[in-house]
Amino acid sequence: MVCEQADVFASACALARAFPLFTHRSSASRRTEKKTVTVEFFLVGQDNGPVEVSTLQCLANATEGVRLAARIVDTPCSEMNTDTFLEEIKKVGKELGIVPTIIRDEELKARGFGGIYGVGKAALHPPALAVLSHTPDGATQTIAWVGKGIVYDTGGLSIKGKTTMPGMKRDCGGAAAVLGAFRAAIMQGFKDNLHAVFCLAENSVGPNATRPDDIHLLYSGKTVEINNTDAEGRLVLADGVSYACKDLGADIILDVATLTGAQGIATGKYHAAVLTNSAEWEAACVKAGRKCGDLVHPLVYCPELHFSEFTSAVADMKNSVADRDNSPSSCAGLFIASHLGFDWPGVWVHLDIAAPVHAGERATGFGVALLLALFGRASEDPLLNLVSPLGCEVDVQEGDMGRDSKRRKLV
Numbered sequence: 007m008v009c010e011q012a013d014v015f016a017s018a019c020a021l022a023r024a025f026p027l028f029t030h031r032s033s034a035s036r037r038t039e040k041k042t043v044t045v046e047f048f049l050v051g052q053d054n055g056p057v058e059v060s061t062l063q064c065l066a067n068a069t070e071g072v073r074l075a076a077r078i079v080d081t082p083c084s085e086m087n088t089d090t091f092l093e094e095i096k097k098v099g100k101e102l103g104i105v106p107t108i109i110r111d112e113e114l115k116a117r118g119f120g121g122i123y124g125v126g127k128a129a130l131h132p133p134a135l136a137v138l139s140h141t142p143d144g145a146t147q148t149i150a151w152v153g154k155g156i157v158y159d160t161g162g163l164s165i166k167g168k169t170t171m172p173g174m175k176r177d178c179g180g181a182a183a184v185l186g187a188f189r190a191a192i193m194q195g196f197k198d199n200l201h202a203v204f205c206l207a208e209n210s211v212g213p214n215a216t217r218p219d220d221i222h223l224l225y226s227g228k229t230v231e232i233n234n235t236d237a238e239g240r241l242v243l244a245d246g247v248s249y250a251c252k253d254l255g256a257d258i259i260l261d262v263a264t265l266t267g268a269q270g271i272a273t274g275k276y277h278a279a280v281l282t283n284s285a286e287w288e289a290a291c292v293k294a295g296r297k298c299g300d301l302v303h304p305l306v307y308c309p310e311l312h313f314s315e316f317t318s319a320v321a322d323m324k325n326s327v328a329d330r331d332n333s334p335s336s337c338a339g340l341f342i343a344s345h346l347g348f349d350w351p352g353v354w355v356h357l358d359i360a361a362p363v364h365a366g367e368r369a370t371g372f373g374v375a376l377l378l379a380l381f382g383r384a385s386e387d388p389l390l391n392l393v394s395p396l397g398c399e400v401d402v403q404e405g406d407m408g409r410d411s412k413r414r415k416l417v
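Under the numbering used here, think of the first position of the sequence shown as 7, with each following residue one higher.
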């Protein structure tokens, strides 16, 4: 690979996508030896000396994270069910010396996680909320990455058709990206508190499935009238971000999800969509995307005009919009934000990666590089600092106090 120093990180992550791990081809199963691909980097332009050993280690961890995420997304639900996904989380936790917190099945219902429980209760393998927590000494802020982990999405009783259901094994792409990025970030020396929150469920059909007209009480304390069981990702993420706020005390909450088919219409196949309550973080996401290759483009953030799409006569809100022609990707993200509250003083970022999570029939591991780059300044690693966004801090007004001032700064 011939590139400039500034492009090493993006180039390595792009190469990782070219060598996916998952296959069930019979020819591959007959091979016992593993193939090794050796990649050499030749730097040109300024800073064209030999690549540092520390840089190579960062590239190795980042590319392993990309390939881990892609493998999970490529694996069909017959193998990558909620039980298996939890094993993947436990495996990463064991590598990092972290024991995950896991809330499952009827405990979810008992503790008020009506979103995750309601979506996953009809499946053979029960739903779960899982958390990996990194809490180093000297941390100055708390960050939570919340991933949508719908291991398969039939649409529930609002069932998808025969042409739109294939490929729905990819609906766990957000959670897969969070897992791959969390592993790499901690291995490269993350300096602040970082929580990876996984909202895992299979949106299945059965006698116990959620019905349209059912009303769920979510972890935020808000009630939701179900008018579309295929709008399930926002329900599990609403519980996830509420937990990150109430139980983890996060200053910065980022959720990442294959949330809406409309994302591909709004920002295309190659750019994820970003929706956030912070103009500075919107700019940071776009800049980080250009640095790492996981491209991002903003959606309209306008809750005062869009959130009325969820008006319900009998609950706090419905879960799907009244008018699908009125910026549905923005509205879907606003549903999640409403369970934090639009007056929440922290930074909230929503990434919809529905289209770029795959290229054709293969997963891309999209989101791993983006999270590593976006939060690079919270890392001890020089390369991640190099690709992180710069100049996006909010000016702290004189007299602002501790926690509130931290909540708006870019790490």
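Cβ coordinates follow ideal geometry from the N, Cα and C atoms, glycine included.
When the five nearest sequence neighbours on each side are left out, the beta carbons in the same chain lying within less than 7 angstroms of the beta carbon of V43 are those of F25, in order along the chain.
Here the segment 348 to 358 makes no contact with the segment 26 to 33; the two share fewer than three CB pairs at distances below 8 angstroms. The residues H201, in chain order, have a CB closer than 6 angstroms to that of S139 in the same chain once the five nearest residues on each side in sequence are set aside. V374 and Q194 have their alpha carbons spaced roughly 14 angstroms apart. Taking 4 residues as the shortest admissible run, the segment 327 to 389 contains the following complete alpha helix (DSSP H) segments, listed from N- to C-terminal end: 334 to 344 and 374 to 380. Per DSSP, the beta-bridge partners of I258 are I149 and V353.
With a cutoff of 8 angstroms on beta-carbon distance, F47 and V57 are scored as near each other. Your pair G155 and F196 does not check out as a contact, with CB atoms roughly 21 angstroms apart and the cut at 8 angstroms. At a cut-off of 3 residues, the continuous stretches assigned as beta strand (DSSP E) that sit fully inside the segment 81 to 123 are 107 to 110.
When beta bridges are read from the DSSP output, P304 appears opposite V280.
L378 and A187 have their alpha carbons spaced roughly 6 angstroms apart.
DSSP lists H201 as the bridge partner or partners of S139. Within its own chain, the residues whose Cβ lies closer than 6 angstroms to the Cβ of A22, once the five positions on either side in sequence are excluded, are T69, V72 and R73, listed in chain order.
For L311, the uninterrupted alpha helix (DSSP H) run begins and ends at P309 to H312, by DSSP. In the DSSP assignment, C19 is bridged to no other residue.
Distances from the alpha-carbon of V242 to those of A16, G121 and C19 put G121 closest.
For V320, no beta strand (DSSP E) segment is defined, and its DSSP state is neither H nor E. In the DSSP assignment, I221 falls outside any alpha helix (DSSP H) and lies within the beta strand (DSSP E) extending over I221 to L223. Secondary structure note for V292: its alpha helix (DSSP H) is the uninterrupted segment A285 to C298.
When DSSP states are grouped into helix, strand and coil, V230 belongs to the strand group.
In the three-state scheme derived from DSSP, where H, G and I count as helix and E and B as strand, V157 is classed as strand.
Annotation: the continuous alpha helix (DSSP H) that includes V184 extends over G179 to M193. Beta-bridge partners assigned by DSSP to F196: S385.
The bridge partners DSSP lists for E208 are Y158. Residue pairing by DSSP puts V50 in a beta bridge opposite E10. Apart from the 5 residues on each side of it in sequence, I221 sits with its Cβ closer than 6 angstroms to the Cβ of T229, E231 and A321 in its chain, given in chain order. The C-beta distance from V79 to A182 rounds to 5 angstroms, short enough to meet the 8 angstroms contact threshold. Straight across, the Cα-Cα distance linking K97 with P351 is about 35 angstroms. The secondary-structure analysis by DSSP pairs A134 across a beta bridge with R110 and L206.
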